[in-house]
Amino acid sequence: MNIARTQGGWIEVICGGMFSGKSEELIRRIRRAQIAKQRVQVFKPVIDTRYAEVEIVSHSNMRIESEPVTTAIEILDRVQADTDVVGVDEGQFFDNKLIDVCNRLANHGRRVIVAGLDLDYLGQPFEPIPQLLAIAENITKTSAICVRCGHPANFSQRIVESADRVLLGALGLYEPRCRSCFIPGVAQIEETTAVEKA
Ligand SMILES: [Zn+2]
């Protein structure tokens with residue numbers, strides 16, 4: 126990292142379930158920083174090496190330029206001396222070194238904004254997001270709408286059979302659900318099918 130400043134940094138975390146508008150909120154904050162003539166850099170993890178995407182695209186199709194990185198440490202190497210704001214999307218796909226990386230950036234005067242899933246498909250905390258919540262100055266928890274009952278939804282219900290913690294893509298694989306409607310693990314595909322048959 127090209128260290129330029131030593132003061133004035135902090136960490137913001139935007140977390141919540143799938144379809145809750147995390148990336149949209151990250152993009153909104155980055156855009157406002159750009160309007161304020163601040164220099165921004167946005168990073169996202171390469172989770173599918175076939176596609177080194179250079180954009181972050183929200184479900185509502187807002188998009189912003191981003192740099193794909195394979196590890197959290199790589200972010201430190203890429204941050205420029207004159208960068209004011211560092212955005213990180215899909216924070217849950219980074220290793221726990223992201224905690225140290227965010228601390229170091231904030232300690233050296235950067236405003237760091239991390240967006241990520243706070244819970245996995247089993248409803249368990251999705252590290253390193255819980256640790257980032259602990260060290261952040263500012264936390265925003267976004268919620269979606271439960272597709273079953275219409276209440277605010279914090280959980281991401283997996284609706285296809287798989288025991289992998291990470292499934293690429295979101296649409297058709299997950300749906301937002303509230304605590305009452307959420308079933309940890311693979312969803313009630315059988316139940317849905319039974320209802321449709323009845
Ligand atoms: Zn519900």
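Here the sequence shown stands for residues 126 to 323, where the numbers follow this note's numbering.
Note that CB positions come from ideal geometry on N, CA and C, so glycine has one too.
Computed from a predicted structure; not experimentally measured.
TODO: Would you mind reading off the limits of the alpha helix (DSSP H) that contains P255?
DONE: Within the sequence shown, the letter at position 130 stands for residue 255. Run containing P255: 254-260, per the alpha helix (DSSP H) assignment.
- [ ] Report all residues for which the CB-ligand distance to some heavy atom of ligand 1 is below 6 Å; order them along the chain.
- [x] C271, R273, C274, H276, R302, C303, S305, C306
- [ ] Indicate whether N221 and E192 have their beta-carbon atoms separated by less than 8 Å.
- [x] Position 96 of the sequence shown, counted from the start, is the residue given in the question as residue 221. Position 67 of the sequence shown, counted from the start, is the residue given in the question as residue 192. No. Outside cutoff.
Task: Integer Cβ distance of G212 from V179, believed to fall under 8 Å - done: The count along the sequence shown starts at 1 and reaches residue 212 at position 87. The count along the sequence shown starts at 1 and reaches residue 179 at position 54. At roughly 14 Å, the Cβ-Cβ gap does not stay under 8 Å, so G212 and V179 are not in contact.
Task: 3-residue-minimum beta strand (DSSP E) runs that sit fully inside the segment 144-190, ordered along the chain - done: 165-170, 180-182, 188-190
Task: Closest residue to T131 among H233, R304, R283, I200 (Cα-Cα distance) - done: Counted from its first residue, the sequence shown places residue 131 at position 6. Of H233, R304, R283, I200, the residue nearest in Cα terms is H233.
Task: Extent of the continuous alpha helix (DSSP H) to which C274 belongs - done: Here residue 274 refers to the residue found at position 149 when the sequence shown is read from its first residue. Where C274 is concerned, there is no enclosing alpha helix (DSSP H), given that its DSSP letter is neither H nor E.
Task: S185 burial status per 10 Å Cβ neighbour count (16 or more: buried) - done: Locating residue 185 in the sequence shown gives position 60, counting from the first residue. Exposed, by the Cβ-count rule.
Task: I136 beta carbon less than 8 Å from that of K147 - done: In the sequence shown, counting from the first residue as 1, residue 147 sits at position 22. In the sequence shown, counting from the first residue as 1, residue 136 sits at position 11. No, Cβ-Cβ distance for K147 and I136 is not below 8 Å.
Task: Cβ shell of R188 (< 6 Å), same chain only, five flanking positions each side left out - done: Numbered from its first residue, the sequence shown carries residue 188 at position 63. The answer, listed in chain order, is E180, V182.
Task: Own chain residues within Cβ distance below 6 Å of R154, not counting five before or after - done: Taking the first residue of the sequence shown as 1, we reach residue 154 at position 29. I238.
Task: Short Cβ contact (8 Å threshold) for R157 with T208 - done: Along the sequence shown, one-based indexing puts residue 157 at 32. Along the sequence shown, one-based indexing puts residue 208 at 83. No; because the gap between Cβ atoms is not below 8 Å, this pair is not in contact.
Task: Nearest residue (CA-CA) to T265, options R304, H276, G241 - done: The residue labelled residue 265 in the question sits at position 140 within the sequence shown. Out of R304, H276, G241, G241 has the C-alpha closest to the C-alpha of T265.
Task: Own chain, CB closer than 6 Å to P309, minus 5 neighbours either side, in chain order - done: In the sequence shown, counting from the first residue as 1, residue 309 sits at position 184. Cβ within range, chain order: L247, G248.
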